[in-house]
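See below for the structure under consideration.
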Amino acid sequence: MTSNGLLTVKVGGGAGLDLEAVCDDLALLSAERPLLIVHGVSHTMNRLCAEQGIEVQMLTSPGGHSSRYTPPALRDVYVQAAETENAQLVDGLRSRGLTATGFVGKKVAIRAERKQAIRAVMNGRMRMVRDDHSGRIRGVDTQPLLDALLTGIVPVLPPMAESADGLLNVDGDRAGAAVAGALQAQTYLILSNVRGLYRNFPDESSFVALVTEPQLDEALNWAQGRMKRKVLAAQEALDAGVPTVIIGDGRATNPLAQALAGEGTRFRK
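What follows is the structure, encoded as structure tokens:
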């Protein structure tokens, strides 16, 4: 375990995120505290699917949580997207003088169990999906991550987990929460393509600057679409002992610095 100021950052995989600005900020922060990065893959995955003529389909749970449908034919594309995004982020950090390594291939550090049956809305109809290769996170192999951190290496993790059924698609926000909790990170920062949480998105007057533990159920009701996963991830990180979770705007000029300075939505016990 380490609580040595560790900052775990989830870098969103959406098209609106400024990856160059994120890498610039990470390079500056690396001089002050240890860093661990978890990243998304949505934009790269959408691009690969478009190039291969594959329809992108989403599953929506009865509770309103949306996730990417990953049948067997799409799993290899997902792995390719995750490894491509991972290499791009690792290269961006190395070009700025950081020692970074991607936890892909045999180094995947997250463990999960495949969801055998998912009740979800798909193409407008409620159905039971049994061939999805997404997973419920069951644990984190912390020792290789700690070994890297203790030698000044920045671990970079994709939203991918090892399982008895092979590599699985896992939610990046919740993967970051699991890793942050397992390593007892001081802060878990989720970079998104919006300012943070709103009671009534996109009404700016409804922006929420702080969510305390008694408000978490209410916050889940405020969240719409993918923001629900981020609020759920914040709740899971707090439950795992992370003192502070922040949802910040990855489109900003200095996204991490601004979020740590008070921008975005803060979640605290």
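Numbers in my numbering are just positions in the sequence shown, counted from 1, shifted up by 5.
Cβ coordinates follow ideal geometry from the N, Cα and C atoms, glycine included.
Predicted, not measured: the structure shown is a model, and the values here were computed from it.
Tell me which residues share the same chain as G258 and place their Cβ nearer than 7 Å to its Cβ, disregarding the 5 neighbours each side in the sequence.
The sequence as given places Thr at residue 258; Gly does not occur at that position. So the list reads A26, once near-sequence residues are dropped.
Output yes or no for whether 8 Å exceeds the beta carbon distance between V82 and I59.
Contact flag set, yes.
When you compare the region 209 to 221 with the region 36 to 46, are there three or more beta-carbon pairs, one atom per stretch, that lie closer than 8 Å?
These segments do not touch.
Please report the distance separating the alpha-carbon of P164 from that of L237.
Computed Cα separation, rounded: 16 Å.
Which word fits K274, buried or exposed, when buried means at least 16 other C-beta atoms lie within 10 angstroms of its C-beta?
With fewer than 16 Cβ atoms within 10 Å of its Cβ, K274 is classed as exposed.
Can you grab the Cα-Cα spacing for the pair E268 / E209, in whole Å?
Computed Cα separation, rounded: 14 Å.
Tell me whether the beta-carbon of V250 lies closer than 8 Å to the beta-carbon of A242.
Closer than 8 Å, so yes.
Taking the C-alpha atoms as reference points, what is the distance between N205 and D152?
C-alpha separation (whole angstroms): 43 Å.
Just mark A122 as buried or exposed, buried being the case when its beta carbon has 16 or more other beta carbons within 10 Å.
Classification for A122: exposed.
Rounded to a whole number of angstroms, what is the C-alpha to C-alpha distance between G201 and V213?
Those two C-alpha atoms are separated by around 7 Å.
Return the Cβ separation of V161 and I42 in integer angstroms, given the expectation that the two are a contact with Cβ distance under 8 Å.
At roughly 5 Å, the Cβ-Cβ gap stays under 8 Å, so V161 and I42 are in contact.
What span of residues does the alpha helix (DSSP H) with S47 cover, start to end?
Looking at the DSSP string, the run of the alpha helix (DSSP H) that includes S47 is S47 to E56.
Can you tell me which of Y74, P76, S72 and G18 puts its alpha carbon nearest to the alpha carbon of M93?
Before going further, note that residue 93 is Gln rather than Met in the sequence given. Of the listed residues, the one whose Cα sits closest to Q93 is G18.
Within its chain, find whatever has a CB closer than 6 Å to the CB of M6; leave out the 5 residues flanking it on each side and keep chain order.
At M6, the pLDDT of 40 sits below 50, so the modelled position is not reliable; the number obtained from the coordinates is stated separately. Taken in chain order, the residues that qualify are Q189.
What does the Cβ neighbour count give for N91, buried or exposed, with the cut at 16 atoms within 10 Å?
Buried is the call here.
By DSSP's criteria, R119 is part of a beta bridge. Which residues make up the other side?
Its beta-bridge partners are G140.
Have a look at Y74 and S100 and give me their C-alpha separation to the nearest angstrom.
Distance between the alpha carbons of Y74 and S100 is about 34 Å.
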